[in-house]
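One structure below.
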Amino acid sequence: MNPFKQIFLHRFFFYSFILVIVGFCFGFYFPIMISIAQLLLFAVILITMIDFSLLYSNKKGISGGRLVQDKLSNFDKNPVKIQLKNHFPFRIKYTLLDEIPEQFQIFDFKIKGLISSKKEIELSYDLIPSERGVYRFGDVNVFVTTPLGFLQRKIILKAENQIKVYPSFLHLNQFGLKNFKAHINEIGQKKIRRIGHSMEFEQIKNYVKGDDFRTINWKSTAKHQKLMVNQYVDEKSQQVYCAIDKGRMMKMPFNGQTLLDYAINSSLVFSNVVLQNHDRAGIFTFSNQLENLVKAERRTNQLHKISEALYGIQSNFLESDFGKLYNYIKYKIPQRGLILLYTNFDSMDSLHRQLPYLLGIHKNHLLVVVFFRNTELENFLQNPIQENDIYEKTLVEKFIYEKQQIVLELNKHGIQTILTRPEDLSVNTINKYLEIKSRGML
3 MNPFKQIFLH RFFFYSFILV IVGFCFGFYF PIMISIAQLL LFAVILITMI DFSLLYSNKK
63 GISGGRLVQD KLSNFDKNPV KIQLKNHFPF RIKYTLLDEI PEQFQIFDFK IKGLISSKKE
123 IELSYDLIPS ERGVYRFGDV NVFVTTPLGF LQRKIILKAE NQIKVYPSFL HLNQFGLKNF
183 KAHINEIGQK KIRRIGHSME FEQIKNYVKG DDFRTINWKS TAKHQKLMVN QYVDEKSQQV
243 YCAIDKGRMM KMPFNGQTLL DYAINSSLVF SNVVLQNHDR AGIFTFSNQL ENLVKAERRT
303 NQLHKISEAL YGIQSNFLES DFGKLYNYIK YKIPQRGLIL LYTNFDSMDS LHRQLPYLLG
363 IHKNHLLVVV FFRNTELENF LQNPIQENDI YEKTLVEKFI YEKQQIVLEL NKHGIQTILT
423 RPEDLSVNTI NKYLEIKSRG ML
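Take 3 as the starting number for the sequence shown in our numbering and just add one per residue.
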């Protein structure tokens with residue numbers, strides 16, 4: 003590459019040149035200033051030539067690159083590191099311009115600093131993606147200035163690569179089953195081992211007061227001449243599906259994320275807890291079609307398969323077809339399991355349109371319907387209300403009341419519900435799952 007194409011004039015060069023011009027201007031009134039201006043011009047040219055030679059005294063100049071994870075976590079802080087090494091025999095000033103993916107819409111990103119001779123430094127900054135997909139990083143551009151400061155040399159560090167942004171995975175350990183149960187203990191709930199009533203037999207033991215008479219083993223009782231009972235434990239490897247509604251009701255945004263984004267991130271965390279609890283986790287999505295199916299299994303790569311499926315979710319936010327959802331579950335998931343349905347209902351009318359399908363699913367499976375509180379409307383009620391806001395307040399209160407009625411209507415038919423703030427979704431779904439397992443409902 004032509005070295006002159008990599009050279010840029012620094013502001014000190016322009017300051018000096020302006021000073022030369024001013025000197026020549028004053029020369030019309032003070033002839034001695036012309037000689038001073040000529041000397042100054044010669045000095046500027048000489049320093050510029052020396053600066054140019056210093057900038058190319060080392061062919062490499064600056065080396066380094068960008069360190070970024072193979073995949074980024076959506077809506078989380080993802081660290082990006084840049085390593086730089088100064089090969090010049092003198093200290094340099096640098097201005098670093100990283101070509102950040104266009105999805106971030108950051109066009110004025112720059113880092114300035116100093117690097118001593120033969121030293122290596124590491125810079126870091128955070129990126130927070132707001133959508134899943136492929137993000138393209140460009141090269142790292144470094145503008146180098148010598149102590150003279152008249153010229154800048156542009157050095158391009160080849161670092162172009164593509165990174166995939168997956169549903170939020172950085173907090174998987176935070177919501178891990180062991181940590182979550184430990185958190186439950188910390189807030190005062192007693193950790194006990196429940197004797198289940200599932201069909202998974204554990205052992206025969208002596209009868210003690212409080213045991214269920216229905217579990218008495220009469221053969222063993224006759225043999226030992228004392229009451230003996232069968233003891234059961236929670237059944238393992240039960241299938242648990244996350245069904246994610248991709249319809250228009252999931253397009254509503256809260257804190258920069260749509261309800262669909264919240265559901266996707268929660269599904270990954272929830273599936274991780276299910277797998278840690280030795281159950282089989284699976285997912286699928288629906289709107290006008292059923293898509294992104296991952297069959298409920300418990301394999302070593304199951305969480306990776308679920309993550310890949312969630313990564314690929316796209317939606318046009320069309321009207322959701324609950325009839326197709328019901329038919330799919332009826333014929334493709336015949337074995338009883340837990341169906342965690344992420345959707346949203348804003349009115350009793352919208353619920354009643356889909357209620358026959360929900361009851362059909364509930365007939366053969368344990369159905370948990372997850373829908374969302376409108377936190378913006380709730381925050382509106384917390385603000386002081388002016389006289390002209392009474393009508394809006396009444397409508398908001400009616401809307402919030404109707405959400406509560408939806409919960410009561412579903413519970414009346416035996417359907418489990420989670421009405422949650424979007425930001426509390428992961429915690430509340432895990433809480434519900436642990437409650438279901440502890441009560442032996444599945």
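Think of the CB as a built atom: it goes at the ideal place given N, C-alpha and C, for glycine as much as any other residue.
Bear in mind the structure is a predicted one, so any value in this text is a computation, not a measurement.
Per-residue DSSP class, three states only, for residue i
{"i": "T419", "result": "strand"}
{"i": "F26", "result": "helix"}
{"i": "I392", "result": "helix"}
{"i": "Q406", "result": "helix"}
{"i": "N346", "result": "coil"}
{"i": "T302", "result": "coil"}
{"i": "G325", "result": "helix"}
{"i": "D351", "result": "helix"}
{"i": "G63", "result": "coil"}
{"i": "G362", "result": "helix"}
{"i": "N88", "result": "strand"}
{"i": "T147", "result": "strand"}
{"i": "R93", "result": "coil"}
{"i": "E310", "result": "helix"}
{"i": "K160", "result": "coil"}
{"i": "L174", "result": "coil"}
{"i": "I113", "result": "strand"}
{"i": "Q105", "result": "helix"}
Span separating the alpha-carbon of residue i from that of residue j
{"i": "S222", "j": "Q233", "result": "13 Å"}
{"i": "F109", "j": "L410", "result": "50 Å"}
{"i": "T377", "j": "N294", "result": "29 Å"}
{"i": "Y313", "j": "H89", "result": "42 Å"}
{"i": "Y127", "j": "Q71", "result": "13 Å"}
{"i": "L379", "j": "D351", "result": "20 Å"}
{"i": "F16", "j": "D53", "result": "14 Å"}
{"i": "D247", "j": "L262", "result": "8 Å"}
{"i": "K83", "j": "L270", "result": "27 Å"}
{"i": "K192", "j": "I438", "result": "Low confidence applies here, because K192 scores a pLDDT of 45, under 50, leaving its location unreliable; read the following figure in that light. Roughly 17 Å separates the two Cα atoms."}
{"i": "F10", "j": "H173", "result": "45 Å"}
{"i": "S428", "j": "L277", "result": "15 Å"}
{"i": "F26", "j": "N143", "result": "38 Å"}
{"i": "N274", "j": "G339", "result": "17 Å"}
{"i": "I197", "j": "E310", "result": "Caution is warranted here: a pLDDT of 47 is assigned to I197, below 50, making its placement in the model unreliable, and the coordinate value is therefore given only provisionally. Roughly 37 Å separates the two Cα atoms."}
{"i": "K7", "j": "T97", "result": "17 Å"}
{"i": "L444", "j": "L343", "result": "15 Å"}
{"i": "F152", "j": "Y168", "result": "45 Å"}
{"i": "L361", "j": "H415", "result": "8 Å"}
{"i": "G67", "j": "E299", "result": "41 Å"}
{"i": "E101", "j": "F139", "result": "6 Å"}
{"i": "D281", "j": "L327", "result": "23 Å"}
{"i": "T50", "j": "V136", "result": "44 Å"}
{"i": "K434", "j": "F374", "result": "15 Å"}
{"i": "H364", "j": "I417", "result": "7 Å"}
When the options are compared against residue i, the one with the closest alpha-carbon
{"i": "S288", "options": "L368, Y330, V46, E299", "result": "Correcting the residue identity first, residue 288 is Phe in this sequence and not Ser. It is Y330."}
{"i": "L125", "options": "H367, Q240, F286, I113", "result": "I113"}
{"i": "V146", "options": "Y58, N430, N433, I308", "result": "Y58"}
{"i": "N318", "options": "I363, R250, F272, D281", "result": "R250"}
{"i": "S65", "options": "L43, I158, P131", "result": "I158"}
{"i": "N60", "options": "L43, K87, Y328, D78", "result": "K87"}
{"i": "L43", "options": "G63, P149, V22, P33", "result": "V22"}
{"i": "A45", "options": "I432, Q384, L150, D323", "result": "L150"}
{"i": "E284", "options": "Q240, Y264, L320", "result": "It should be noted that the sequence gives Gly, not Glu, for residue 284. It is Q240 whose Cα lies nearest to the Cα of G284."}
{"i": "K95", "options": "F28, F373, N257, Q154", "result": "Q154"}
{"i": "F324", "options": "Y393, H354, L74, F28", "result": "H354"}
{"i": "P103", "options": "L74, F92, E122, G115", "result": "L74"}
{"i": "P527", "options": "P386, S349, L320, L368", "result": "Outside the shown range of the chain (3 to 444) lies residue 527, about which nothing can therefore be said."}
{"i": "E425", "options": "G258, K395, T97", "result": "G258"}
{"i": "V24", "options": "F14, R13, I36", "result": "I36"}
{"i": "G212", "options": "S349, T345, M230", "result": "M230"}
{"i": "F347", "options": "E404, T431, K365", "result": "E404"}
{"i": "V242", "options": "R216, I341, S268", "result": "I341"}
{"i": "K332", "options": "N366, L421, I218", "result": "N366"}
{"i": "I408", "options": "I266, S118, F171, L357", "result": "L357"}
{"i": "P255", "options": "S132, K395, K334", "result": "S132"}
According to DSSP, residues forming a beta bridge with residue i
{"i": "D100", "result": "V142"}
{"i": "V167", "result": "L74, G135"}
{"i": "K207", "result": "V231"}
{"i": "P81", "result": "D128"}
{"i": "F374", "result": "T422"}
{"i": "I335", "result": "I335 is not bridged to any residue."}
{"i": "V296", "result": "I285"}
Which whole runs of the beta strand (DSSP E) in the region 212-294 are 3 residues long or more, in chain order? 230-235, 241-247, 282-288
Mind pulling the alpha helix (DSSP H) runs of 4 or more residues that sit fully within the region 30-61? 34-57
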